[in-house]
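Structure, as structure tokens:
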Amino acid sequence: MGPLWPLLLSASLWLSVCAAGDNSTLQLVQVLFRHGARTPVVVCPTDPHRDLWLDEGLGQLTNQGKQMQFELGQFLRTRYGGFLSEKYHENYTLVRASDVDRTLMSAEVNLAGLYPPKGRDVWNPDLAWQPIPVHTEPITSDRLLNFMAACPRYAIELKRVLNTTPLRLVEKQNQPLYEYLSQHCGAPVRDLEQAMLLFDLLLIEEARNWTLPAWATARLAPYNATVYPDVLKPLNELAFDLLSYDAALRRLGGGALLADITEHLSQKVSGTLSPPNRELFMYSGHDSDVAALLGALGVYNGIAPPLASCVIVELHRDSSGAFFVELFYRNDTAVEPYQLRLPNCTGRCPWVAFRDLTAPVRAQDGAAECAPPPSGTPTAQEVTIIALAVSLTLLLVLCAIGLFIYCRRNRNGALAYSHFGEING
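For the sequence shown, the positions run -19 to -1, 1 to 406 when mature numbering (1 follows the signal peptide of the UniProt record, and there is no 0) is used.
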């Protein structure tokens, strides 16, 4: 048995190295994560827990959510221990958060797990924490982490998609559900978005092991399935699918953050990144940000991003000097992050290929691209319809002109012969 121990030890070390990733070639790490567990953002007037939720505050990070983010910070420290500096330095790490309480707090707790104070950074021996700056922008101007509020054109394009025949049919088919939810929630539930918020409420209450109201777990006749989760969960997943439904939504949504991430990669490759020793960019956002970025990359799995899930973008440089990009998605704390493969590329995607493949969905000039069309300016769909109508009208006009000329020629021909005879007769 003795001779096997070196082999087992070697295998164990090899597995741990693979799990942590190859940091020897690592040049830059960028991480987008969803906040930790929170209270619901809406509560039904009929909810027996309504007063408790209002007392805690709607949409607020819970103690469980803080623990989730602290552990995510520790995970990042373990995974990148050979690459990231042990101590926080303003040149090494830049953190950006959505201007919402739960994302700001998530970033702060995450950093507590990632950068516990050491040496001269210990300012209170009884407190293993140090303040680290978290940057943000107002929601209405934050295209990276609040694209739905900061990009008016996105809302227009999403409305266009929702007005397509398949989506109108979905809404029509679910009218009985919306009426049922409105009746039992005590507040109007009119569409997919509001049904999604109600699903979120029930999901959170279930996670707290609270007994759900009877109407939520009842079987709904038109669907022959329980309201929660069987009927509401697919609608919730559909709502996330719609975030990146087509090229326009991918570019206006996750394309803005993808452009920012890609710009950092480009600057690192070209040696123009400032400061040049930057190691880590962190983005603290929402489930919609995670889904939209994955959608823009073409790797979204159709499952709503769980709490504290994160997307990791790594830039590497091999021994020949060639740069390549690796993508990872951590949506399960029980296993190592899943490596993602960009469509038409390998897991170790060459930098130039990554840059070129993502170019069509990366946002460009934010102000111009996001501006709503001037009043009276038709949308892309309306332009197509107008163009078809004009073409059809033109075709009909040409046919009418052709018919008129044909008839005129026949009539004028008969008169001409008669006139010719009369003139020469």
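Where a beta carbon is used, it is the ideal one built from N, C-alpha and C, also for glycine.
Close-in-space but distant-in-sequence residues of the same chain around residue i (CB under 8 Å, 5 per side omitted)
i      : result
VAL280 : LEU308, TYR310, LEU321, ARG322, LEU323 and PRO324
THR43  : GLY17, ALA18, ARG19, THR20 and GLU37
TRP196 : TYR161, HIS165 and VAL208
VAL378 : Residue placement at VAL378 is flagged as unreliable, the pLDDT there being 35, under the threshold of 50; the coordinate-derived value follows with that caveat. There are no such residues.
GLN123 : The sequence as given places Asp at residue 123; Gln does not occur at that position. Around ASP123: SER79, ASP80, THR117, ALA130 and ALA131.
ALA188 : ALA18
Boundaries of the beta strand (DSSP E) in which residue i is found, first to last residue
i      : result
ARG298 : 291 to 298
ARG15  : 7 to 15
PHE180 : Run containing PHE180: none in the beta strand (DSSP E); it sits in the alpha helix (DSSP H), 173 to 188.
LEU321 : 319 to 321
GLU118 : Note, GLU118: premise wrong, no beta strand (DSSP E); not H, not E.
LEU308 : 304 to 311
Buried or exposed (CB count within 10 angstroms, at least 16 for buried), residue i
i        : result
ILE284   : exposed
GLU116   : Before going further, note that residue 116 is His rather than Glu in the sequence given. So HIS116 ends up on the exposed side.
TRP34    : buried
ASN72    : exposed
SER255   : exposed
LYS140   : exposed
ASP346   : exposed
LEU108   : exposed
SER(-10) : Reliability of the predicted coordinates at SER(-10) is poor, the pLDDT of 37 falling under 50, and no value is obtained from them.
Coil, strand or helix - residue i by DSSP
i      : result
LEU75  : strand
THR206 : In the sequence on display, residue 206 carries Ala and not Thr. If DSSP states are grouped into helix, strand and coil, ALA206 belongs with the strands.
CYS132 : coil
SER265 : strand
LEU201 : strand
CYS326 : coil
PHE56  : helix
ARG259 : coil
VAL103 : coil
PRO215 : helix
ARG19  : strand
PRO354 : coil
LEU42  : strand
GLN164 : helix
Sequence-distant residues of the same chain with beta carbon closer than 6 Å to residue i, five excluded per side
i      : result
SER163 : PRO169 and VAL170
LEU178 : VAL23
ALA78  : THR84, LEU85, ALA88, VAL115, THR117 and SER265
PRO286 : ARG15, ASP268, VAL271 and ALA272
Element boundaries [alpha helix (DSSP H), containing residue i]
i           : result
residue 409 : As displayed, the chain neither begins before -19 nor continues past 406, which places residue 409 out of reach and without an answer.
LEU65       : LEU65 -> no alpha helix (DSSP H), and no H or E assigned at all.
VAL250      : 235 to 251
LEU125      : Careful: LEU125 lies outside any alpha helix (DSSP H) and carries neither H nor E.
VAL32       : It should be noted that the sequence gives Asp, not Val, for residue 32. Run containing ASP32: 31 to 37, per the alpha helix (DSSP H) assignment.
ALA88       : 82 to 95
ASP337      : 332 to 339
- Task: Taking 8 Å as the threshold, find out whether the segment 236 to 250 comes into contact with the segment 340 to 348 through three or more Cβ pairs.
- Result: yes
- Do the segment 40 to 58 and the segment 90 to 106 meet, that is, are 3 or more Cβ pairs less than 8 Å apart? yes
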